[in-house]
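Oh and the sequence shown: position 322 is 709 in this note's numbering, straight run, nothing missing.
Inspection log for the structure reproduced underneath, given as structure tokens.
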Amino acid sequence: MGKTYQEVHSKTPFEPHVLLFPIPFQGPVNCFLKLAELLCVSGIHVTFLNNNHIHGPLLRHTQVLSRFSRYPNFRFETIPDGLEHENPVSGDRFQEVMDAIDVVTKPLFREMIVSGSLSRRSKRPVTVMIVDGVFSFAAEVGFETSTPVLSFETISPCCLWTSYFHLHNLIEVGHLPFKGNDLDEPIKIVVGTEHVLRKRDLAEFCRKKNLSDPEIQRTLKEAKTIPRTQGLILNTFEELDGLILSHMRKLCPNIYTIGPLHSLHEARLIPNKSPKTSFSNSIWKEDQTCLSWLDKFPSKTVVYVSIGSMATLTFDQMLEVWHGLVNSNKPFLWVRRPGSITCENNESIVPNELLEYSQKMGCIIDWAPQEDVLAHRAIGGFLTHSGWNSTLESIVQGIPMICRPFYVDQLVNSRFVGEVWKAGIDVKDTCDRLIIEKAVRDIMDVKRDVFTQTTNTWANLAKESISETGSSSISLSRLIDDIRVMTSTMK
Ligand code: UDP
């Protein structure tokens, strides 16, 4: 192994220089960019390493380049992944992306760090690596080169705890692979969630029949690697996930809770924001016209519908959701991301009643400025896929949710929304017009007062956590201090 850049330049004191390396999907890239900006404003040098296939859409649809050009201490680097996608990929191609990263990105990344070429290009050594929890290979390179590594998990702590850190135990006691068809069987071995969790609430990969499935194997590895890193950054706040965090700290003592990250980011960056600055990190073009469409409606009357950046609906499922919305007789704003409805060509068989209602009371768009939408006074409920970012964005605004989850952490999140945080209704494993209609009526009318009371409490706690003396602000300051300390102790 050649000498690292650090070894070659060991006489000069190092300045803090963080390498950020997210998994190339909308949610994680968005979170990592927000963290990057928070580190930049605190004077830390940042190199943001993005996979090629997501970097193009990001530059195409956002002002990230001009926004970050304000920071002389920030630079983008890209790394090939062998994927040639003009457009971002949906979740059904997740494994394809991970395979490509394994074959193409992994060796290049190792070369980049071990040879010191990345440090040379940025003219300063990388002193701390913040890598996506799923990138165990990147953490390993940090261990190998004695570079301090922090894991950043952008999925929810409740999923990380129940379905990642306990995956090994779930297999050991024979819960996995599932036997029989009773998904309502309680799961009692996960400390802190004994009275909440059923089989159906574990991460979606727990339903796989074959334990040698790459996703299971990758997760087992991830769960082993994270506790070996020097700290774990989580997008949550202490008050929301206190119980889980107290148990998780026994495994990973150094946890930084810096969420809701989008709010913390906004609170810190707003003073620098000119009216024209967009904080968007969207890899699709945002349709801003939906905001003026929302202006027409009274407070808390519109249902916002989105399944995030990766999930897909079959055409029939879409029709069920559509009927449910129409039958509830509420106005709706619905994001139908390009490629998110399979068999799109069946447009001709959409019943007229749906088209007519939608012309009067609906707005269907490709991609929304979601944070602004959820902050709009007209929104009264969110029919969501329960992605962790969407969940937090909804919690911050005090919007009750109807949760229809698809993958990974979404199945755990929806259970926590329904049973632990009481911030909405979990309709997982169903896609039925009657169930959707009832859930919409419940959150918008019948049970609105009950939900509003709880969601307002969470929204207030979220706001407190990012105030100057709040738990997430303190955690971010500690993270920044620790990055400086880790840098100063590097040899
Ligand atoms: N999002 C957006 N516009 C949309 C739909 C989603 O900006 O029309 C953003 C949303 O605000 C969130 C992210 O995309 O920050 C989705 O992340 P999440 O973790 O909720 O789900 P994922 O896309 O990873 O499944």
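Glycine included, every Cβ here is placed at the ideal spot set by N, Cα and C.
Helix, strand or coil at Thr844 [DSSP, three-state]: For the purposes of this step, residue 844 is taken as residue 457 along the sequence shown, with counting starting at 1. Residue state for Thr844 is assigned as helix, using DSSP reduced to three classes.
Same chain, Cβ closer than 6 Å to Tyr794, five either side skipped, listed in chain order: Here residue 794 refers to the residue found at position 407 of the sequence shown. Same-chain partners within the cutoff: Gly478 and Glu591.
Distance between Glu531 and Met388 (C-alpha atoms, nearest Å): Locating residue 388 in the sequence shown gives position 1, counting from the first residue. Locating residue 531 in the sequence shown gives position 144, counting from the first residue. Reliability of the predicted coordinates at Met388 is poor, the pLDDT of 46 falling under 50, and no value is obtained from them.
The segment 781–788 in contact with the segment 757–764 per 3-pair CB rule at 8 Å: yes
Distance between Asp829 and Leu712 (C-alpha atoms, nearest Å): Along the sequence shown, read from residue 1 onward, the residue named residue 712 stands at position 325. Along the sequence shown, read from residue 1 onward, the residue named residue 829 stands at position 442. Approximately 12 Å between the Cα atoms of the pair.
Own chain, CB closer than 8 Å to Ile853, minus 5 neighbours either side, in chain order: Position 466 of the sequence shown, counted from the first residue, corresponds to residue 853. Counting only Cβ-Cβ distances below 8 Å, and skipping sequence neighbours, we find Phe624, Pro647, Ser650, Leu651, Ala654, Ser859 and Ser860.
Option in Arg594, Cys545 and Ser875 with minimal Cα separation from Leu563: As a working note, residue 563 is residue 176 in the sequence shown. The residue with the shortest Cα to Cα distance from Leu563 is Arg594.
Length of the line joining the Cα atoms of Arg636 and Trp709: Start at 1 with the first residue of the sequence shown, and residue 636 comes out as number 249. Start at 1 with the first residue of the sequence shown, and residue 709 comes out as number 322. If you take the alpha carbons of Arg636 and Trp709, they lie about 43 Å apart.
Residue span of the alpha helix (DSSP H) that contains Ile751, given as start and end: By one-based count along the sequence shown, residue 751 stands at place 364. Note, Ile751: premise wrong, no alpha helix (DSSP H); beta strand (DSSP E) at Gly749 to Ile752.
Cβ distance (whole Å) where Val405 is taken to contact Leu426 below 8 Å: Mapped onto the sequence shown, residue 405 falls at position 18. Mapped onto the sequence shown, residue 426 falls at position 39. Right, their Cβ atoms sit about 6 Å apart.
Unbroken beta strand (DSSP E) run spanning Trp671, endpoints: Here residue 671 is taken as the residue at index 284 of the sequence shown, counted from 1. DSSP places Trp671 outside any beta strand (DSSP E), giving it a letter other than H or E.
Selected residue, minimal CA-CA separation from Asp753, among Asn556, Val692, Pro573 and Asn739: As a first step, residue 753 is located in the sequence shown; it is residue number 366 there, counting from the start. Minimum Cα distance to Asp753 is reached at Val692.
Residue environment, Pro792, which counts as buried when at least 16 other CB atoms sit within 10 Å: For the purposes of this step, residue 792 is identified with residue 405 of the sequence shown, where counting begins at 1. Classification for Pro792: buried.
Limits of the unbroken alpha helix (DSSP H) element including Ile870: Translated into positions along the sequence shown, residue 870 becomes position 483. Ile870: member of the alpha helix (DSSP H) spanning Ser858 to Ser875, first to last residue.
Three or more C-beta pairs below 8 Å linking the segment 542–554 and the segment 614–629: Cβ pair count under 8 Å is three or more, so yes.
Through-space distance from Arg507 to Val799, alpha-carbon basis: Counted from its first residue, the sequence shown places residue 799 at position 412. Counted from its first residue, the sequence shown places residue 507 at position 120. One C-alpha to the other measures close to 43 Å.
Local Cβ density within 10 Å of Tyr392, reported as buried at 16 or more and exposed below that: Position 5 of the sequence shown holds residue 392. Here the model assigns Tyr392 a pLDDT of 49, short of 50, so the residue's position is not dependable, and the following value carries that caveat. Per the 10 Å Cβ criterion, buried.
When Leu470, Ile657, Gly529 and Gly469 are compared against Ile613, the one with the closest alpha-carbon: Locating residue 613 in the sequence shown gives position 226, counting from the first residue. Out of Leu470, Ile657, Gly529 and Gly469, Gly529 has the C-alpha closest to the C-alpha of Ile613.
Counted within 10 angstroms of its Cβ, other Cβ atoms place Pro475 as buried (16 or more) or exposed: Looking up residue 475 in the sequence shown gives position 88. Buried is the call here.
DSSP state of Arg636 mapped onto helix, strand, coil: What you label residue 636 is simply residue 249 of the sequence shown in a count that begins at 1. Residue state, collapsed to three classes: helix.
Bridge partners - Pro573, DSSP secondary structure assignment: As a working mapping, residue 573 is identified with position 186 in the sequence shown. Bridge partners of Pro573: Arg585.
Residues sharing a beta bridge with His432, DSSP: The sequence position of residue 432 within the sequence shown is 45, counting from 1. Beta-bridge pairing links His432 to His404.
Beta-carbon proximity check, Ile822 vs Val833, cutoff 9 Å: For the purposes of this step, residue 822 is taken as the residue at position 435 of the sequence shown. For the purposes of this step, residue 833 is taken as the residue at position 446 of the sequence shown. Contact: no.
Cβ-Cβ distance between Val451 and Asn714 below 9 Å: Along the sequence shown, one-based indexing puts residue 451 at 64. Along the sequence shown, one-based indexing puts residue 714 at 327. Against a cut-off of 9 Å, the Cβ pair of Asn714 and Val451 comes out as no contact.
Ser550 Cβ short of 8 Å to the ligand UDP heavy atom set: The residue given as residue 550 occupies position 163 in the sequence shown. Ser550: no, Cβ never under 8 Å from the ligand UDP.
Tyr458 in three-state terms, based on DSSP: By one-based count along the sequence shown, residue 458 stands at place 71. Three-state result, Tyr458: coil.
Proximity to Leu495 [Cα-Cα], best of Pro467, Gly811, Ser538 and Ile728: For the purposes of this step, residue 495 is taken as residue 108 along the sequence shown, with counting starting at 1. Among Pro467, Gly811, Ser538 and Ile728, the Cα nearest to that of Leu495 is on Pro467.
Burial state of Arg447, where buried means 16 or more other Cβ atoms lie within 10 Å: In the sequence shown, residue 447 corresponds to position 60, counting from 1. Exposed: under 16 other Cβ atoms inside 10 Å.
Check: Thr778 C-beta below 8 Å from any heavy atom of the ligand UDP: On the sequence shown, residue 778 is found 391 positions in, with the first residue counted as 1. Yes, the ligand UDP has a heavy atom inside 8 Å of this Cβ.
Where Asn439 sits in the DSSP three-state scheme: Indexing the sequence shown from 1 puts residue 439 at position 52. Note: Asn439 maps to helix in three-state DSSP.
N- and C-terminal bounds of the alpha helix (DSSP H) containing Ser504: Position 117 of the sequence shown holds residue 504. Ser504 to Arg508 is the span of the alpha helix (DSSP H), which, as asked, contains Ser504.
Ala755: CB within 8 Å of a non-hydrogen atom of the ligand UDP: Taking the sequence shown and counting its residues from 1, one reaches residue 755 at position 368. Under cutoff, so the answer is yes.
DSSP-derived helix/strand/coil call for Trp808: The sequence position of residue 808 within the sequence shown is 421, counting from 1. Looking at Trp808 - three-state DSSP - the assignment turns out to be coil, as it is neither helix nor strand.
Alpha helix (DSSP H) runs wholly inside the segment 462–494, at least 4 long, in chain order: 481–487
Ser862 burial status per 10 Å Cβ neighbour count (16 or more: buried): The count along the sequence shown starts at 1 and reaches residue 862 at position 475. By the 10 Å Cβ count, Ser862 comes out buried.
Supposed contact pair Thr606 and Thr580 - C-beta distance, whole angstroms, cut 8 Å: Stepping through the sequence shown from its first residue, residue 580 is reached at position 193. Stepping through the sequence shown from its first residue, residue 606 is reached at position 219. With a beta-carbon spacing of about 17 Å, Thr580 and Thr606 fall beyond the 8 Å limit used to define contacts.
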